[in-house]
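Shown next, in structure tokens, is the structure this report addresses.
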Amino acid sequence: MKKFNFRKVLDGLTASSPGGSGGGGGSGAGGGSVHPGGTAGAAGTPRDEIQETLTSDYFQICKTVRHGFPYLPTALAFDPVQKILAIGTRTGAIRILGRPGVDCYCQHESGAAVLQLQFLINEGALVSASADDALHLWNLRQKRPAILHSLKFNRERITYCHLPFQSKWLYVGTERGNTHIVNIESFILSGYVIMWNKAIELSTKTHPGPVVHLSDSPRDEGKLLIGYENGTVVLWDLRSKRADLRAYYDEAIHSVAWHHEGKQFMCSHSDGSLTLWNLKSPNRPFQTTIPHGKIQRDGKKTESCKPILKVEYKTCKSSEPFVIFSGGLSYDKACRRPSLTIMHGKAITVLEMDHPIVDFLTLCETPYPNEFQEPYAVVVLLEKDLIVVDLTQSNFPIFENPYPIDIHESPVTCTEYFADCPPDLIPVLYSVGAKHKKQGYSNKEWPISGGAWNLGAQTYPEIIVTGHADGSVKFWDASAITLQMLYKLKTSKVFEKQKPGEGKATAEIVEEDPFAVQMMYWCPESRIFCVAGVSAYVLVYRFSKHEVNTEIASLEVRLQYEVEDIITPEPEIIPPFPDASSQLPSLKSLSGSTNTVACEGTMKDSIPCLSVKSRPVRMPPGYQVDLVIQLVWVDGEPPQQITSLAVNSAYGLVAFGNCNGLAVVDFIQKTVLLSMGTLDLYGSSDPYQRQPRSPRKSKQFAAGLTELSDSPVSLELERCKSPTSDHVNGHCTSPTSQSCSSGKRLSSADVSKANRRGPGRPPFRKAQSAACMEISLPVTTEENRENSFSRSRSSSVSSIDRDSKESITALYFMESFARKHDSAVSPCLWVGTGLGMVLILSLNLPASDDSRQSEPVMVSPSGTVLTLKGAVLTFACLDCVGTLTHPPYEVWRDPHSADDAEKTRKRKLVMHSPSSSQDMGDHQFAVICSEKQAKVFSLPSQTCLYVHNITETSFLLRADVVTLCNSVCLACFCANGHIMTLSLPSLRPLLDVNYLPVTDMRIARTFCFTNEGQALYLSSPTEIQRLTYSQEMCDNLQDMLGDLFTPVETPEAQNRGFLKGLFGGSGQAFDREELFGEATAGKASRSLAQHIPGSGGIEGVRGAAGGVIGDLTRARIALDERGQKLGELDERTASMMASAEAFSKHAHEVMLKYKDKKWYQF
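For the sequence shown, the numbering used here begins at 22 and goes up steadily by one.
If you want it as structure tokens, here you go:
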């Protein structure tokens, strides 16, 4: 992926005029600004006052770590000495796992699926075979593994690989049935080939099929066992180049396993049978079993079962051997779950799994294949999980998994990321979460314990919060690039359970996943947590360490835009609109419309979508629901989904909006303060003077909408949740040229129909949750792309939305100047809309703590209206010296504390952040970012000081004001894949990198920035990818990552006895070199495979592959490795010398003893 970094060039640029954006096309202050000419004149004063410290040198984009379960796994490998595990996936990724904290992700550039993985045991290297018929050697002796060599097969397809322990020759089986041999050190093919026609008997007329198994005999490394798919097994003598024995079975072979003595082997077959073969009598198996087969009525033959895909045969010194296999269940049990069967002596245990088994491995005490194996655990890789079974206990419990691989337990629908949060939060959340731990795990240590990891220099606490499709919310400790689950909250427990088949009859607007979490708002300081659900409700939670039994307080809010009295126009006035007929149905299918209200029966009115539990509910320690707010049906129209959410603990208010309007609720007094349509919020300040209740003539549209031409389509279509064609690979255009087509007017029936079908429908059903939603790929030609965009953006639904519906897209509580002539800050609610309008509402709060419980809070529009181009995304406030001002908050206190003093204690409010504890000054800066541009206003004068047009051709998906290096900046993620940062308050571009093309709605919906230069998104439905945009963190990343390789002594082989040592082939390593080396075997055909040198085997040699520094570094590392090997050789030589000396001493003593004796005295 190309990355463009304009840091140095952009450093000197300022963006006091729109021309500084590099986008071009803007004139004036852009976007219909209220103060079009106010940028230059007012910019002088703050620029002199505020010294901005951030420069482009502070920024660099870099992936840090990936958490979660590897998506679509295909292969598994384990190093029994290093104790690390590798998992390959269908997307060409490899995840390497060791002790908690040791978690490494690497990716094949080709993206081809990983077929098989093989560790070079205790060598710090891994071989991967991929679906594009290439072998790769990965160096694991560095924190970020890299490929040292690749070998690409041209004429044959790889089906199986085997690397014997302590060998440097890799056996590679192919689809044609041939076996090739590769030197691991040079990654060059040997001239030694075992051709399929030489391996099978000449009289055999059919091809034996692909190679499905390769392994050397534990008894003699010079014998190679080759399994062919059609049921043929050949034991090949590598020295004499002929078959020692051939075994035939009439069922296809899936896998083969040796007994450690090398006299027997076991095969698993496609009819669910296991056959055991003895090398002395290869004509037929001496034992055949179908473990899960029932004996037929005639008693002669056992019924066949499902294929046994893999079998492992592991021996124990003190007990019967273990036979472990996957599959093989009876066909008559169609609903049986995938299972792993463990046969130990006469006992058969079937472990049922939640997901299909991809692969499994038995972990044994010894790496030597010719010793008693002593298995102690089985690692089972499932399609969506990884489990490890303890074999040392008779009930086979599983180990508690320390990795965060259950992120996707229910699909993730939204994420939030908090860096540098209060340090007491993590232990507090862990303490309430630990009480829900499951019992029944193995009491042994997690066996995958390799690698080394330390905390590193970064010590601030980080928390990631994930919302899920089943209504659950998970809090994760993300400090120091690890991830550990702290606490899980189930929001669905607030509501009554739906009985099956009831959904249609009730007021539900979402068929599947009615509790899906759509938005979250968390105030870590006050511990107030707020959730907006897909069924148009908001839950307010408070944190308590004490269990409580109480009824759930709930409110219902009517929030509906009135359209009843639109005058139905004459049919002849309607201009031709060819797309209308095709557009509405397509929108219906795209938005996942589920439960369109039929006309029959009673009209639904004033009823919520879900029913809250009415009886008292037991709430365990942790987050306990304080208030449920539900939007209700109005005149047969379902409530529209919530598009923005904000809560403030100091004010005791929660605000939320949708495409109809805004609601503000007092959660202390449990009352609705405001429930108003968006247009009513403007009062007389609406710059467009829209008249929603009487439609305009079509020519007025053309004039009235040119000024809105850069505005986005309605929130539902563009940003919020509906996977429409606007999100095509992140491109987007605005309907400048087709404003006349916006003249389509609809009758009230049409409007309500459009409302039902289009923008207001549920954002996702199960199949469209954030974890699995995809955007259609772009059309090829530029012209088509342009047409498709403008057509979708100027559809009839869009024009209705533009004309009358204006979504609330951003909300922010703040101590601010509400009006131009205010002399002091006061509580305010900033409201941003889908048309780029910013309104400020004044909040009049009771003065004393006592009166706050009883006196009403007043919410009133201030009359202030600011404008930007595009839907408003985010707000922030800087004080007069440019420091970020945090909204006020209430210091947390336990609402159910046993201590009376705690209960009666007055609310302790922190009105502004400690960093700006001096007087706020007489002015502040408001930072507002929309999906097209950013503006900084000076308050109270409301002068636009700076404006920066961020993008002309695309739109922002996420923007956050974040702190970095004791300063503050605006971080943006654009739909075209660019990550940008802008300085504050002057909006100078500091970073612009083309990082990630948005090919999937999941990325758009889960991307978020946080403080200290960190960000994250869901890279797949099961994985969270974290990244940093901080140069300092990029520099320190090496120290934070775990080591995959640690120096460990290879265990010594057991003493095999004098005779076995003499005749068991002790000189095998030399033997192989002699057999497969170029001197004996010759060179392989050049056209068979192509050697490709690795891109970066050595850490720190980036881009210096051919340079002197690269050569020197390579030489130094080679010397280090050579030195290591020489050191090992020295040790061996010393021990041999010591044993030789001891032998010499004993021989001398024997000689002296018998020196003077005659022959007859012996």
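Built from N, CA and C at the ideal position, the CB exists for glycine as well.
Check: Per-residue burial, Y352 [other beta carbons within 10 Å of its own, 16 or more giving buried]; Outcome: exposed
Check: Own chain, CB closer than 6 Å to C544, minus 5 neighbours either side, in chain order; Outcome: S670 and Y910
Check: Counted within 10 angstroms of its Cβ, other Cβ atoms place H489 as buried (16 or more) or exposed; Outcome: buried
Check: Reduced DSSP secondary structure (H/G/I, E/B, other) of L300; Outcome: coil
Check: Bridge partners - E836, DSSP secondary structure assignment; Outcome: P848
Check: V646 versus F536 - alpha carbon distance; Outcome: 15 Å
Check: Per-residue DSSP class, three states only, for G704; Outcome: helix
Check: Bridge partner(s) assigned by DSSP for I316; Outcome: T323
Check: R111 beta carbon less than 7 Å from that of L93; Outcome: yes
Check: Same chain, Cβ closer than 7 Å to P423, five either side skipped, listed in chain order; Outcome: P121 and W467
Check: L141 burial status per 10 Å Cβ neighbour count (16 or more: buried); Outcome: buried
Check: Buried/exposed call for M1022, threshold 16 Cβ in 10 Å; Outcome: buried
Check: DSSP beta-bridge partners of L407; Outcome: L402
Check: Counterpart residues of S493 in DSSP-defined beta bridges; Outcome: K511
Check: Which listed residue (S261, V515, G1115 and L1065) has its alpha carbon closest to that of V123; Outcome: L1065
Check: Contact set for G145: own chain, Cβ-Cβ below 8 Å, skip 5 residues either direction; Outcome: Q103, N160, L161, R162, L1065 and F1066
Check: DSSP beta-bridge partners of C83; Outcome: T1049
Check: Cα-Cα separation between A1074 and Q187, rounded to whole angstroms; Outcome: 12 Å
Check: Bridge partners - M640, DSSP secondary structure assignment; Outcome: V569
Check: Burial state of V1069, where buried means 16 or more other Cβ atoms lie within 10 Å; Outcome: exposed
Check: Within the segment 853-884, ranges of the beta strand (DSSP E) (whole runs, at least 3 residues); Outcome: 858-865
Check: Coil, strand or helix - M1172 by DSSP; Outcome: helix
Check: Cβ-based neighbour list, A992, same chain, cut-off 6 Å, excluding 5 preceding and 5 following; Outcome: D981, V983, T1002 and F1030
Check: Proximity below 7 Å, CB of C83 to CB of T1049; Outcome: yes
Check: Contacting residues, own chain, Cβ-Cβ under 6 Å from H183 (five flanking each side not counted); Outcome: Y192, L235 and S236
Check: Euclidean distance between Cα positions of E572 and E395; Outcome: 57 Å
Check: Whole-number beta carbon distance between A440 and N1032, since they are thought to touch under 8 Å; Outcome: 4 Å
Check: Contact set for Y397: own chain, Cβ-Cβ below 8 Å, skip 5 residues either direction; Outcome: L384, C385, E386, D411, L412, T413 and P468
Check: Same chain only: Cβ atoms within 6 Å of P390, ignoring 5 sequence neighbours per side; Outcome: P239
Check: Coil, strand or helix - V1055 by DSSP; Outcome: Here the sequence assigns Cys to residue 1055, which means Val is not the residue at that position. Looking at C1055 - three-state DSSP - the assignment turns out to be helix.
Check: Segment limits, beta strand (DSSP E) that includes P1010; Outcome: P1010 to N1015
Check: Ordered list of beta strand (DSSP E) runs contained in the segment 68-148, each at least 3 residues; Outcome: 80-89, 94-100, 105-110, 114-118, 124-128 and 135-141
Check: Presumed contact (8 Å Cβ cut-off) between S627 and W654, rounded CB distance; Outcome: 7 Å
Check: Bounding residues of the alpha helix (DSSP H) (the contiguous stretch that carries N5); Outcome: With the chain represented from 22 up to 1183, any question about residue 5 goes unanswered, as that position is not in the structure.
Check: Residue from K495, P642 and Y1038 with nearest C-alpha to G998; Outcome: Y1038
Check: C-beta atoms of G1063 and W474 nearer than 7 Å; Outcome: yes
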